[in-house]
Amino acid sequence: MNLGALRGIVNARLAAAGLKRGSRARQPHPPPRSGPAGLAAAPRRGCGGGGGVLGGHLGLRGHFSREPGPGGRRASMCVVHPGAPGPAMTANVSPVHRVVLLVEDNPGDARLLRAHLADVPGQPFELVHTTTLAQALSRISAGPVDLILLDLSLPDSKGLETFRSANAAAPEVPIIVLSGLEDEELAIQTVHEGAQDYLNKRDIDSRLLARAIKYSIERKLVEDALAHERDLFYTIFDNVPDRIFIKDLDSRFLKANRSLALRFGLADPRELIGRSDSDFFAPEHAGSALEDEREILRTGRAILDKVERETMPDGAVNWVITSKLPLRDKQGRLTGTFGISRDVTALKNAEQALGAERNLLRNLIDNIPDYIYAKDVGCLYTLDNEAHRRLLGVSRIEEIVSKKVTDFFPSELSRKYDADDQTIVRTGQPLINHEEPAVDRSGNPRWHCTTKIPLRDADGVVNGLVCITRDITETKLAQSRLEKANAELARNREELLRALTELQTSHRQLREAQGQLIQAEKMQSIGRLAAGVAHEVKNPLAIIRMGLDHLSAEVRADNAEAQLTLKDMTEAIQRADGIILGLLDFARPHELNARPHEISGVVEQSVAMVRYAARQSKVKIVRELEAGLPEVWVDPDKIKQVLLNVLTNAIQAMGSGGGNLTVRTRLRVLEDGDLERGTGARLAQPFHAGDRVVVIEVKDNGPGIPQDKLEHIYDPFFTTKEPGKGTGLGLTVTRKLVEMHGGAIEIRNRKSGGVAVTIWLKV
Numbered sequence: 001m002n003l004g005a006l007r008g009i010v011n012a013r014l015a016a017a018g019l020k021r022g023s024r025a026r027q028p029h030p031p032p033r034s035g036p037a038g039l040a041a042a043p044r045r046g047c048g049g050g051g052g053v054l055g056g057h058l059g060l061r062g063h064f065s066r067e068p069g070p071g072g073r074r075a076s077m078c079v080v081h082p083g084a085p086g087p088a089m090t091a092n093v094s095p096v097h098r099v100v101l102l103v104e105d106n107p108g109d110a111r112l113l114r115a116h117l118a119d120v121p122g123q124p125f126e127l128v129h130t131t132t133l134a135q136a137l138s139r140i141s142a143g144p145v146d147l148i149l150l151d152l153s154l155p156d157s158k159g160l161e162t163f164r165s166a167n168a169a170a171p172e173v174p175i176i177v178l179s180g181l182e183d184e185e186l187a188i189q190t191v192h193e194g195a196q197d198y199l200n201k202r203d204i205d206s207r208l209l210a211r212a213i214k215y216s217i218e219r220k221l222v223e224d225a226l227a228h229e230r231d232l233f234y235t236i237f238d239n240v241p242d243r244i245f246i247k248d249l250d251s252r253f254l255k256a257n258r259s260l261a262l263r264f265g266l267a268d269p270r271e272l273i274g275r276s277d278s279d280f281f282a283p284e285h286a287g288s289a290l291e292d293e294r295e296i297l298r299t300g301r302a303i304l305d306k307v308e309r310e311t312m313p314d315g316a317v318n319w320v321i322t323s324k325l326p327l328r329d330k331q332g333r334l335t336g337t338f339g340i341s342r343d344v345t346a347l348k349n350a351e352q353a354l355g356a357e358r359n360l361l362r363n364l365i366d367n368i369p370d371y372i373y374a375k376d377v378g379c380l381y382t383l384d385n386e387a388h389r390r391l392l393g394v395s396r397i398e399e400i401v402s403k404k405v406t407d408f409f410p411s412e413l414s415r416k417y418d419a420d421d422q423t424i425v426r427t428g429q430p431l432i433n434h435e436e437p438a439v440d441r442s443g444n445p446r447w448h449c450t451t452k453i454p455l456r457d458a459d460g461v462v463n464g465l466v467c468i469t470r471d472i473t474e475t476k477l478a479q480s481r482l483e484k485a486n487a488e489l490a491r492n493r494e495e496l497l498r499a500l501t502e503l504q505t506s507h508r509q510l511r512e513a514q515g516q517l518i519q520a521e522k523m524q525s526i527g528r529l530a531a532g533v534a535h536e537v538k539n540p541l542a543i544i545r546m547g548l549d550h551l552s553a554e555v556r557a558d559n560a561e562a563q564l565t566l567k568d569m570t571e572a573i574q575r576a577d578g579i580i581l582g583l584l585d586f587a588r589p590h591e592l593n594a595r596p597h598e599i600s601g602v603v604e605q606s607v608a609m610v611r612y613a614a615r616q617s618k619v620k621i622v623r624e625l626e627a628g629l630p631e632v633w634v635d636p637d638k639i640k641q642v643l644l645n646v647l648t649n650a651i652q653a654m655g656s657g658g659g660n661l662t663v664r665t666r667l668r669v670l671e672d673g674d675l676e677r678g679t680g681a682r683l684a685q686p687f688h689a690g691d692r693v694v695v696i697e698v699k700d701n702g703p704g705i706p707q708d709k710l711e712h713i714y715d716p717f718f719t720t721k722e723p724g725k726g727t728g729l730g731l732t733v734t735r736k737l738v739e740m741h742g743g744a745i746e747i748r749n750r751k752s753g754g755v756a757v758t759i760w761l762k763v
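Counting from 1, one number per residue, gives the positions in the sequence shown under the working numbering.
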């Protein structure tokens, strides 16, 4: 094999693997014989290696280890140049047990290879020998293998097919091809398809074999790592949603990822190669992108995070953030540009919507007449609206930012405002519709209605407050005027109601007076008639009485029937005479002999006069006479006449079955609603609320007065008693006597039974 060709392959693989060849070192063993020329082929995956030439002619030294670890064996490797100072940096320098699978049908070659491996100092190898490909494949599937030494000529397989089968069964295991022939084409082909080395059996010794094994394993690890990184890169490159591209000096695409291809409606990113932005974008954006790339190529400076408006030929618009950088070769020369672009259309739309919303909100806030402002956790102003700035007497927001309320308001008010702010920040509780006094810039008093709400961060922690205040001075003034008007209206209403009440009372009193006048005329007529009748009847009654007296003297005492008749006639004459006396008393004008009297004494005398009649009727008299009553102007004889009539009526009403008769006196101050006219009530003159009166009450528990007769009890000759037991003039005279004293009398049925008579005499 041509040594130069193999070195070319090795250098190419090392360059692809990121390794550099070190300085040529003195070889401890003879160099292998040259193989056929022209051995140059790209590795199948990642970087490949030459064969024994890599171990025998590169002059590299290093260490390799593979140890059990999570998910399988762990490998670490360090390759250094022999001319580098100091020890090689290694992940693990202790010998590692290696499993080497030897696939060789020649027993002699197998023994020789076993001997070579046994002679390797400090490196334990476990050699597993199989003679056929089938056995080898079975062993590969049975357990881990670190390296395969493969003879291509086997009983069950020949040539490249042998290598392909083994490589397919264990693609992760490095394979060193063994051959007894110098077949340059076969060597090139096996290396091209992935063999780590190609050794001629005649050139192998223990050191060469050990070195070939070691570096084959190391190169395989590097290839796998690079393949993994490449696969990872392309996985990210083709699946990242951002659009990635590489362009040449003329801004034509050299490479692009799938996201960019899909953006242009292409199924395969390779369809972009050789095309430019003008093939996909509208001229507006294509021209702008071209200018940016020319600027990068001219200055060598990147353009980062540029927000661009992409326009398409159909008028569609997208927004992207693009970064473009210069692309250089190993010598630092500019070879093009590369970049990445992210679609932020949704974000841009949201930003524009947010901006429009913010602008709308700003306009609303600035045009609202209420005072709006915000403060931070230190109660310092952070923003406000124009109305609030006018209140404070400033024109720019910068004049209030980071200032406190104490910088603008009088100390007393500002301390109150600041205390409210501190409380809200400390407690997190809002202040809603709080009415408070204030002053304007001229010191004039005003009224404000304020709402303050705490502001919170994403974690719910209070980090400030926002306030909206409305000037309610005019409302307060209007409210005050309304309250005054309502109060005045209420007073007027009360006066009107009082006047109406007085008018109604006056009207009622007028009607009563009219009725009383008519009644007085009637009574006067009745009185005159009664007086005339009494005088006309009195004389004949006197003659009849004289005749009865004469007849009584003439009739024998043993004539019982005559005596009974004379008795009945005498009683009738007496009853008629009593009626005549009553008529004369009713018709006769009464004159009062009034003087100050303590009314309870008059009542005691009246009660004493009916005590005998009460005992006869088994009536118990209960006295509840209030001591110390003020004196009233009365004619005691007339008041006794009134009380005797009332007490006698009560005793007679309860009958012989007895009962309780309560007589009570007391002092009262009249209130609204007292002395309302009702059935059986009689007022001689108006009484008013606040008048002091002495009240006489007589209550019995008799049967009461029928309701339909109650309104007639003051009519002359009206009585509820049995025929022959009353004249019907008692209450008529009684009422007249009470009215002569300027008092009032009321007779009503009690709810519990019986009659209550109440007499009011003004003090």
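In this text, a Cβ means the ideal position worked out from N, Cα and C, and glycines have one as well.
Rounded C-alpha distance that separates residue i from residue j
i, j, result
"A374", "D242", "40 Å"
"A542", "N559", "25 Å"
"V53", "A212", "In this predicted model, V53 has a pLDDT of only 31, less than 50, meaning its place in the structure is not dependable enough to derive any value."
"S341", "I321", "6 Å"
"E412", "R362", "32 Å"
"D248", "H192", "31 Å"
"R66", "N463", "Bear in mind that a pLDDT of 35 at R66, under 50, signals an unreliable position, so the number given afterwards is only what the model happens to contain. Between R66 and N463, the C-alpha separation is close to 58 Å."
"E229", "F338", "20 Å"
"P636", "S617", "27 Å"
"I204", "L113", "8 Å"
"R111", "L127", "11 Å"
"K404", "Y381", "6 Å"
"H741", "Q504", "25 Å"
"Q563", "Q652", "30 Å"
"H129", "D105", "9 Å"
"L199", "K255", "40 Å"
"D268", "M312", "20 Å"
"L477", "G628", "56 Å"
"I176", "K214", "11 Å"
Neighbour-count burial assignment, residue i, 16 or more Cβ in a 10 Å radius
i, result
"P410", "exposed"
"G730", "buried"
"P326", "buried"
"F233", "exposed"
"S251", "buried"
"D764", "As shown, the chain starts at 1 and ends at 763. That puts residue 764 outside it, with no answer to give."
"Y612", "exposed"
"G35", "Interpretation of G35 is limited by its pLDDT of 34, a score under 50 that renders its predicted location unreliable; the figure taken from the coordinates is listed afterwards. Result: buried."
"L364", "exposed"
Coarse secondary structure for residue i, derived from DSSP in three states
i, result
"V344", "coil"
"K751", "coil"
"H597", "strand"
"H448", "strand"
"F245", "strand"
"I696", "strand"
"V240", "coil"
"K618", "coil"
"H129", "strand"
"E624", "strand"
"Y714", "coil"
Beta-carbon proximity of residue i to residue j, cut-off 8 Å
i, j, result
"P174", "Q196", "yes"
"V619", "L661", "yes"
"F281", "L260", "no"
"Q713", "T665", "With the sequence shown as reference, residue 713 is identified as Ile, and Gln is not the correct amino acid for it. Not in contact: I713 and T665 (Cβ atoms no closer than 8 Å)."
"P454", "P445", "no"
"V698", "V738", "no"
"W633", "V695", "no"
Residue-level contact to chain D via CB, residue i, 8 Å cutoff
i, result
"K255", "Absent from the structure: chain D. Only one protein chain is present."
3-residue-minimum beta strand (DSSP E) runs that sit fully inside the segment 145-204, ordered along the chain:
147-151, 175-179 and 197-200
Jot down the residue ranges of each uninterrupted beta strand (DSSP E) in the segment 312-346, minimum 3 residues, whole runs only, in chain order.
317-328 and 334-343
Quick check on the DSSP output: what are the complete alpha helix (DSSP H) runs of length 4 or more inside the segment 250-313, in order along the chain?
258-263 and 283-299
Continuous beta strand (DSSP E) assignments of at least 3 residues falling wholly in the segment 408-486:
431-439, 445-456 and 462-471
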